[in-house]
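Single-structure report; data block below.
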Amino acid sequence: MSTESTDTSLLIVEDEPKIARLMADYLQTHGFTTTTLGDGNEVMPWLEEQTPALILLDLMLPGQDGLSLCRSIRQQYPHTAIIMVTAKVEEVDRLLGLELGADDYICKPFSPREVVARVKAVLRRSQAAKSAPGLDTSDPDAPVQLDENGWQAMAGGQDLGLTAVEFQLLRVMMRAPGRIFSREQLMDHMYRDNRIVSERTVDSHVKKLRRKISEVLPERDIIRSVYGVGYKYQPDE
Ligand code: CA
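When we follow numbering that gives the first Met the number 0, the leftmost residue of the sequence shown carries the number 0, and every step to the right adds one.
Encoded structure:
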């Protein structure tokens, strides 16, 4: 992985001045530069002038609310990471269900330390996604072809019917044939609302992915489990 400098500019959208100040101070201490906006209506005009690496976005705001802002930002600036900040834990399930495309969620009250850790993790994931080699995953001679725009995987002319998570796992591995990915690395490559929450869920998603592939290609074992380490895509014997 390259060590080139990471963009560290953050936008904090938060209408409670105390919370905004707390976040800004702590993030600045950890090397980030921050701008704070307290009104939802200020956000889209500001983004026309500036391009932050990540936005911490409060849900309840005066002016345009966090929900509708998240949708607008995702649509217009697909590469800007978003962490939604909510006041209730129960909100997170509902937000996940809406598939807003946020990269992560933080609940109030939060510790500043947690915010810094989440920001770093999200930026690490989005950097990893951007720097993933652009290997041709639609190669007609490969056992499986990916339609990256349609999020479809085909084998032997059949749609494998993968879920978004399974598709992302397969794509990560197919971009680097033969490379062994640890469960943690696979989790790092998951982003947006499809992220995986634990190493055990990686196993369960990979298991389903392998089953779907083997239904179409029973004689091939292209996703291999590497005992004690992780998984790899191995198109040839
Ligand atoms: Ca608020």
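Backbone N, C-alpha and C fix where the C-beta goes; we use that ideal spot for every residue, glycine too.
The model shown is predicted, which means the values in this text are computed figures rather than measured ones.
Residues in its own chain within less than 7 Å of residue 30 by CB, not counting five upstream and five downstream?
So the qualifying residues of the chain are 7.
Measuring only the C-alpha atoms, how far is residue 210 from residue 14?
Cα-Cα distance, rounded: 48 Å.
Figure out for me which residue from 47, 228, 105, 141 has the closest Cα to the Cα of residue 155.
Among 47, 228, 105, 141, the Cα nearest to that of residue 155 is on 141.
With a threshold of 8 Å, establish whether the CB of residue 15 neighbours any heavy atom of ligand 1.
Answer for residue 15: yes, Cβ within range of ligand 1.
I want to check one thing, is the minimum distance from the CB of residue 101 to the heavy atoms of ligand 2 below 8 Å?
For the structure depicted, ligand 2 is absent and the ligand set comprises only ligand 1.
Would the stretch 60-79 and the stretch 104-119 be scored as touching if the rule is three or more Cβ pairs under 8 Å?
Contact between the stretch 60-79 and the stretch 104-119 is absent, because fewer than three Cβ pairs lie under 8 Å.
Which complete alpha helix (DSSP H) runs does the stretch 75-142 hold, if anything under 4 residues is left out?
Counting whole runs of 4 or more residues, the stretch 75-142 contains the alpha helix (DSSP H) stretches 88-97, 111-129.
For residue 8, which residues does DSSP report across the bridge?
Bridge partners of residue 8: 32.
According to DSSP, residue 229 sits in a beta bridge with which residue or residues?
DSSP, once it has assigned bridges, lists 181, 225 as partnering residue 229.
Work out the CA separation of residue 173 and residue 212 for me, nearest whole Å.
Going by the C-alpha atoms only, they are around 13 Å apart.
Starting from residue 163, trace the alpha helix (DSSP H) in both directions and tell me its first and last residue.
Per DSSP, residue 163 belongs to the alpha helix (DSSP H) from 163-173.
Quick one: grab the DSSP three-state call for residue 0.
Any reading at residue 0 needs caution, since the residue's pLDDT is 39, under 50, leaving its predicted position unreliable; the model's value is listed next. DSSP places residue 0 in coil when its eight states are reduced to three.
Once DSSP output is grouped into helix, strand and coil, what is the label at residue 216?
If DSSP states are grouped into helix, strand and coil, residue 216 belongs with coil.
Within the present structure, is the beta-carbon of residue 86 separated from the nearest heavy atom of ligand 1 by less than 8 Å?
It does: the Cβ of residue 86 is within 8 Å (strictly closer) of some heavy atom of ligand 1.
May I ask you to list the residues that DSSP assigns as paired with residue 54?
Answer is 10, 81.
For a test of the three-state rule: what should DSSP assign to residue 159, helix, strand or coil?
If DSSP states are grouped into helix, strand and coil, residue 159 belongs with coil.
Alpha carbon to alpha carbon, what distance is there between residue 225 and residue 0?
Below a pLDDT of 50, predicted positions are generally treated as unreliable, and residue 0, at 39, falls in that range; the measurement from the model is reported next regardless. For residue 0 and residue 225, the distance between alpha carbons rounds to 21 Å.
Is residue 43 helix, strand or coil when you go by DSSP?
Correct three-state label for residue 43: helix.
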